[in-house]
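*Asks:*
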Amino acid sequence: MALPIPHDELFDYLVPEGLDVGVGHRVQVPLGKRAAWGIVVELLPAPTREGLQLRPLLRSAGPALPPWGIDLVAAVARRAHVTLGLALAQTVPTPARLRAGTLGLALSPADVNKALEEMRRRAPRQAAVLALVAEGRSWEELRTVRGAPSALRALVRKGFLQPSFLPFAYREERPPPSLNHEQGQALEQVLGLVGEGKTCLLFGPPASGKTEVYLEAARAVAEERRSAVLLEPEVSLLPQLWARARGRLGFDPYAYHGGLAPGARWQAWEAALHGRLRCAVGTRSAVFLPARDLGLVVVDEESEPAYKQDERAPYYHAREVAQDRARIQGCAVLLGSAAPAVTTFHRAEIGEIGLLKLQERWGGAPPQVRAVPKSGKILGAELQEAIRRHLDHGGQVLLFLNRLGFFTGAICRGCHSLLRCPSCALGLVYHRNRGFICHACGYSVAHPRCPTCGGDRFRLFGLGTERVEHEVKRCFPGTPVARLDSSTSRDAGGILAAVARGEVRILVGTQMIGKGLDFPGITLVGIIDADLLLGRPDYRGAERTYQVIVAAAGRAGRGTARGEVLVQTDQPDYYPIRHALTGNYGAFYQEELNYRRTLRYPPFAQLVRLVAEGPQGPQRLEKVGRAVARPGVEVLGPSPLLPRRGIPRAQLLLRGDKDLPRLLHELLPLAPTWLRVDPDPLTFW
DNA sequence: AGCACGCCGACT
DNA sequence: GTCGGCGTGCTC
Numbered sequence: 000m001a002l003p004i005p006h007d008e009l010f011d012y013l014v015p016e017g018l019d020v021g022v023g024h025r026v027q028v029p030l031g032k033r034a035a036w037g038i039v040v041e042l043l044p045a046p047t048r049e050g051l052q053l054r055p056l057l058r059s060a061g062p063a064l065p066p067w068g069i070d071l072v073a074a075v076a077r078r079a080h081v082t083l084g085l086a087l088a089q090t091v092p093t094p095a096r097l098r099a100g101t102l103g104l105a106l107s108p109a110d111v112n113k114a115l116e117e118m119r120r121r122a123p124r125q126a127a128v129l130a131l132v133a134e135g136r137s138w139e140e141l142r143t144v145r146g147a148p149s150a151l152r153a154l155v156r157k158g159f160l161q162p163s164f165l166p167f168a169y170r171e172e173r174p175p176p177s178l179n180h181e182q183g184q185a186l187e188q189v190l191g192l193v194g195e196g197k198t199c200l201l202f203g204p205p206a207s208g209k210t211e212v213y214l215e216a217a218r219a220v221a222e223e224r225r226s227a228v229l230l231e232p233e234v235s236l237l238p239q240l241w242a243r244a245r246g247r248l249g250f251d252p253y254a255y256h257g258g259l260a261p262g263a264r265w266q267a268w269e270a271a272l273h274g275r276l277r278c279a280v281g282t283r284s285a286v287f288l289p290a291r292d293l294g295l296v297v298v299d300e301e302s303e304p305a306y307k308q309d310e311r312a313p314y315y316h317a318r319e320v321a322q323d324r325a326r327i328q329g330c331a332v333l334l335g336s337a338a339p340a341v342t343t344f345h346r347a348e349i350g351e352i353g354l355l356k357l358q359e360r361w362g363g364a365p366p367q368v369r370a371v372p373k374s375g376k377i378l379g380a381e382l383q384e385a386i387r388r389h390l391d392h393g394g395q396v397l398l399f400l401n402r403l404g405f406f407t408g409a410i411c412r413g414c415h416s417l418l419r420c421p422s423c424a425l426g427l428v429y430h431r432n433r434g435f436i437c438h439a440c441g442y443s444v445a446h447p448r449c450p451t452c453g454g455d456r457f458r459l460f461g462l463g464t465e466r467v468e469h470e471v472k473r474c475f476p477g478t479p480v481a482r483l484d485s486s487t488s489r490d491a492g493g494i495l496a497a498v499a500r501g502e503v504r505i506l507v508g509t510q511m512i513g514k515g516l517d518f519p520g521i522t523l524v525g526i527i528d529a530d531l532l533l534g535r536p537d538y539r540g541a542e543r544t545y546q547v548i549v550a551a552a553g554r555a556g557r558g559t560a561r562g563e564v565l566v567q568t569d570q571p572d573y574y575p576i577r578h579a580l581t582g583n584y585g586a587f588y589q590e591e592l593n594y595r596r597t598l599r600y601p602p603f604a605q606l607v608r609l610v611a612e613g614p615q616g617p618q619r620l621e622k623v624g625r626a627v628a629r630p631g632v633e634v635l636g637p638s639p640l641l642p643r644r645g646i647p648r649a650q651l652l653l654r655g656d657k658d659l660p661r662l663l664h665e666l667l668p669l670a671p672t673w674l675r676v677d678p679d680p681l682t683f684w
């Protein structure tokens, strides 16, 4: 058995007579004075060691994952220096009853009206509830309707709603256009990789029709009775993909992501386990779905950092896990991007993975992109002029800023110290309706006092989406404005529906709206501050800047009218911004690669980040560093980090060549509980 | 990770 | 004399 404890050995138990237990089953066992659930890893005729006092297992909950799923999670656990049992506990969901509140619409808007018409007389309550769901109302609003739970159950039974949480309602699929020559060739190549266990990069600018290739590939795979898993970096991108996949495949794909209620999550997992899952759309955790006969995994926007799990162990990257699956199951892996990670493009360049290019843009000319000075304003003169012009011509405007809140910092007027979270030391961000909030731990305070001098007067500074929204409303009174970021995402369905209907003229948001959205009415995209990502302690700052600009720009002009993109920046000549303006990835890649080579960053070196928690962190890391240090392995640090939830932290960066993971594994087969091992880190704070 | 044991300091 | 702080060690 693999048990969810930080002890790197498997445990032997006796199987009681008459109990059906197999590899991959979830089983409860006595462990010391308690009972623990674990996964059966092996069935043996005799104990692994002499002298073990075996205890019988208590009960079984049946299959939890197939035997090869254990190998998959074992590969992940090994890279992150976590025990197999703990990694399994993090990646395999537990059976749970299906809960209400996680229902999505399974009908097109036209069918909804038909259904409402039919139900109005015989089942008025169901009709009322269905109408609310169709409007994208939240569960909180639904429960005010009397009898909502039973109406929901009936609607599920009739197949009008399906128990998969999708954050906004079904959107009508436009009729599938036929693939152009390039796309057809790409599709053929991808299908040739099915069964080969090979990975391929699909490189094409925004609106070059990458999604069409994914969908056609998924359909071809499903027709061969194999399964496909399509990954998006964020939940907000799933409804659109789900709807398009549904239209293309002719059956309902499953949805799988971290926001699912336990019941819905287990439902999709179990479907995969029993071979009923033919297609799934999901976020990074969906890469573990134990789909049988897997033919294809698509990682859309493969460079998005959201694919990296970096809040709790095991630290993994869905792109790497997808390739583990290719190795184990022989499926094809398709990595899609308009601005690939430099490391991924490098792998394609040296022939480690395949490369497919799409060059033609679908429908219409590419947007006109230009840089304009920030000039210390939220909305500079050029951006204001452009907004007015596009509004006058009936267009919609999208304003993008990668930061939440109203003011993003507060400084004490008495002693000039920054107002920080008492347990994380991170600067508190002022939100207009919730006061000062720590974005790391959620601590909030309405009327803060300076911890240094006791003062209660602060100078507020910095710019977040709330303040952009406020400024837009001030400059364009009477224009309908909406804001979409993680603090308003509960109403994402309603907000995006209003954008689709053209009722919202200006949409302000964070990265949630920066990629993937496909609204033909949006003709102008404004990037409020393109310099934001450059100041971070992160070797990928330039890459992220290039990617964010290209992705946000890709939201403009997806309809018939030509799009325009304004990038507010004070460094228009800095290479990531300069090349992003012209969309010249090749030029950006060459400059960035030179920089990476000079400073010995990936792909020219392998990084591993060790984070120690607790007051002895630095000393302990010092010891680890001395043990690892050798020719070819650079030890950077230890250096202190901001505390998290009051726990002091320190980090050690290791830099070496491809052998670093193996070396580290010899020295540190398993990380002690105070240490977190993050292979290929993306964040450094 | 839990959970118990065990060894010290503070309080009835 | 007892309660409870958390360092240490074990779990088939």
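In numbering that gives the first Met the number 0, the protein residues as written are 0 to 684. C-beta: ideal position from N, C-alpha, C; glycine also.
#1: So, does the stretch 256-265 touch the stretch 305-322, judging by three or more C-beta pairs under 8 Å?
#2: How would you write the range of the beta strand (DSSP E) that L354 sits in, first residue to last?
#3: How would you label F460, buried or exposed, when you count the other beta carbons within 10 angstroms and need 16 or more for buried?
#4: Let me know if I512 comes out buried or exposed under the rule of 16 or more other beta-carbons within 10 Å of its beta-carbon.
#5: Is DSSP giving I521 helix, strand or coil here?
#6: Would you decide whether E222 is buried or exposed? Buried here means 16 or more other CB atoms lie within 10 Å of its CB.
#7: For Q367, I'd like the list of residues in its chain whose CB is within less than 6 Å of its CB, leaving aside the five on either flank, ordered along the chain.
#8: Using a Cβ-Cβ cut-off of 7 Å (strictly less than) and excluding sequence neighbours within five positions of S638, which residues of its own chain qualify?
#9: Compare the beta carbon distance of I377 and V467 with 8 Å and say whether it is the shorter of the two.
#10: Could you give the DSSP three-state label for Y574: helix, strand or coil?
#11: If Q567 and D517 are in contact, beta carbons under 8 Å, what's the gap, nearest whole angstrom?
#12: By how many angstroms is the C-alpha of L580 removed from the C-alpha of G469?
#13: Any idea which residues DSSP pairs V298 with across the strands?
#14: For the beta strand (DSSP E) holding V607, just list the boundary residues, first then last.
#15: Put F202 into one of helix, strand or coil per three-state DSSP.
#16: Please state whether DSSP places D656 in a helix, a strand or coil.
#17: Evaluate the contact criterion for the stretch 404-422 versus the stretch 535-548: three or more CB pairs, one atom per stretch, below 8 Å.
#18: Take G17 and list the residues in its own chain whose beta-carbon comes closer than 6 Å to its own, dropping the five residues that flank it on each side.
#19: Using only alpha-carbon positions, find the residue among R58, V132, R412 and R25 that is nearest to G492.
#20: I need the DSSP call for C278, collapsed to helix, strand or coil.
#21: Under three-state DSSP, which class holds Y12?
#22: Out of curiosity, what's the CA-to-CA distance linking K113 and L129?
#23: Just grab the DSSP bridge partners of F406 for me.
#24: For F683, which of helix, strand or coil comes out of DSSP?
#25: Given a cut-off of 8 Å, decide if A331 and E195 are closer than it, judged by their beta-carbon atoms.
#26: Under 8 Å Cβ to Cβ from V234, same chain only, skipping five residues before and after it: list those, please.
#27: Measure how close the beta-carbons of L397 and I521 come, nearest whole angstrom, since I'm counting them as under 8 Å.
#28: Using only CA atoms, which one of P519, Y573, V72 and V297 lies nearest to G84?
#29: G203 and K373 - do their beta-carbons sit closer together than 8 Å?
#30: If you follow the alpha helix (DSSP H) that G493 is part of, which residue opens it and which one closes it?
#31: Between the Cα of P678 and the Cα atoms of S177, H664 and A552, which residue gives the shortest distance?
#32: Going by DSSP in three states, P647 sits in which element: helix, strand or coil?
#33: Name the one or two DSSP bridge partners that Y213 has.
#34: Whole angstroms are fine: how far does the CA of V280 sit from the CA of A99?
#35: Anyone know if the C-beta pair for G335 and V193 falls short of 8 Å?
#36: Using DSSP bridges, identify the partner residues of L640.
*Replies:* Checking against the coordinates, here is how it stands:
#1: no
#2: Counting from 1 along the first sequence, the entry for residue 354 is found at position 355. Looking at the DSSP string, the run of the beta strand (DSSP E) that includes L354 is G353 to K356.
#3: Here residue 460 refers to the residue found at position 461 of the first sequence. So F460 ends up on the exposed side.
#4: To locate residue 512, count along the first sequence from 1; it is residue 513. Burial call: buried.
#5: Indexing the first sequence from 1 puts residue 521 at position 522. Residue state, collapsed to three classes: strand.
#6: One-based indexing of the first sequence puts residue 222 at position 223. Label assigned to E222: exposed.
#7: Within the first sequence, residue 367 is the residue found at index 368, counting from 1. If we look at Q367 and ignore the five residues flanking it on each side, its Cβ neighbours are E563.
#8: The residue given as residue 638 occupies position 639 in the first sequence. Result list for S638: A649 and Q650, in chain order.
#9: On the first sequence, residue 377 is found 378 positions in, with the first residue counted as 1. On the first sequence, residue 467 is found 468 positions in, with the first residue counted as 1. Their beta carbons are under 8 Å apart, which means I377 touches V467 by this criterion.
#10: For the purposes of this step, residue 574 is taken as the residue at position 575 of the first sequence. Looking at Y574 - three-state DSSP - the assignment turns out to be helix.
#11: Walking along the first sequence from the start, residue 567 turns up at place 568. Walking along the first sequence from the start, residue 517 turns up at place 518. That belief does not hold up - the Cβ atoms of Q567 and D517 are roughly 24 Å apart, past 8 Å.
#12: Start at 1 with the first residue of the first sequence, and residue 469 comes out as number 470. Start at 1 with the first residue of the first sequence, and residue 580 comes out as number 581. In the sequence under discussion, the amino acid at residue 469 is His, which differs from the Gly named in the question. Spanning the two alpha carbons is a distance of roughly 28 Å.
#13: The sequence position of residue 298 within the first sequence is 299, counting from 1. Beta-bridge pairing links V298 to L230 and L334.
#14: On the first sequence, position 608 is the one that residue 607 refers to. V607 -> beta strand (DSSP E) spans Q605 to E612.
#15: The residue labelled residue 202 in the question sits at position 203 within the first sequence. Three-state result, F202: strand.
#16: As a position in the first sequence, residue 656 is number 657, starting the count at 1. D656: coil per DSSP, three-state reduction.
#17: no
#18: Translated into positions along the first sequence, residue 17 becomes position 18. Excluding positions up to five away in sequence, the list is empty.
#19: Reading the first sequence from its first residue, position 493 is the one you call residue 492. Residue V132 is the option with its Cα nearest to G492.
#20: Locating residue 278 in the first sequence gives position 279, where the first residue counts as 1. Here C278 sits in strand by DSSP.
#21: Taking the first sequence and counting its residues from 1, the one referred to as residue 12 is at position 13. Y12 falls in the coil class under three-state DSSP.
#22: One-based indexing of the first sequence puts residue 113 at position 114. One-based indexing of the first sequence puts residue 129 at position 130. Looking at the two C-alpha atoms, the distance is approximately 12 Å.
#23: In the first sequence, counting from the first residue as 1, residue 406 sits at position 407. According to DSSP, which records beta bridges pairwise, F406 is partnered with Y429.
#24: Here residue 683 refers to the residue found at position 684 of the first sequence. Looking at F683 - three-state DSSP - the assignment turns out to be coil, as it is neither helix nor strand.
#25: Within the first sequence, residue 195 is the residue found at index 196, counting from 1. Within the first sequence, residue 331 is the residue found at index 332, counting from 1. Cβ distance < 8 Å, so E195 and A331 count as in contact.
#26: On the first sequence, position 235 is the one that residue 234 refers to. Same-chain partners within the cutoff: P166, H256, G257, G258 and T282.
#27: Position 398 of the first sequence, counting from 1, holds the residue named residue 397. Position 522 of the first sequence, counting from 1, holds the residue named residue 521. With a Cβ gap of about 5 Å, L397 and I521 count as contacting.
#28: In the first sequence, residue 84 corresponds to position 85, counting from 1. The shortest C-alpha separation from G84 is found at V72.
#29: Counting from one through the first sequence, the residue named residue 373 turns up at place 374. Counting from one through the first sequence, the residue named residue 203 turns up at place 204. Cβ atoms of K373 and G203: not closer than 8 Å.
#30: As a working note, residue 493 is residue 494 in the first sequence. Taken as a continuous stretch (DSSP letters only), the alpha helix (DSSP H) holding G493 covers A491 to A499.
#31: Within the first sequence, residue 678 is the residue found at index 679, counting from 1. The candidate whose alpha carbon is nearest that of P678 is H664.
#32: In the first sequence, the residue the question calls residue 647 occupies position 648. Strand at P647.
#33: Taking the first sequence and counting its residues from 1, the one referred to as residue 213 is at position 214. None, per the DSSP bridge assignment.
#34: Position 100 of the first sequence holds residue 99. Position 281 of the first sequence holds residue 280. Note that A99 scores 39 on pLDDT, short of 50, meaning its location in the model is unreliable and no value can be drawn from it.
#35: Within the first sequence, residue 335 is the residue found at index 336, counting from 1. Within the first sequence, residue 193 is the residue found at index 194, counting from 1. Result no, Cβ atoms of G335 and V193 do not sit closer than 8 Å.
#36: Translated into positions along the first sequence, residue 640 becomes position 641. DSSP lists R648 as partners of L640.
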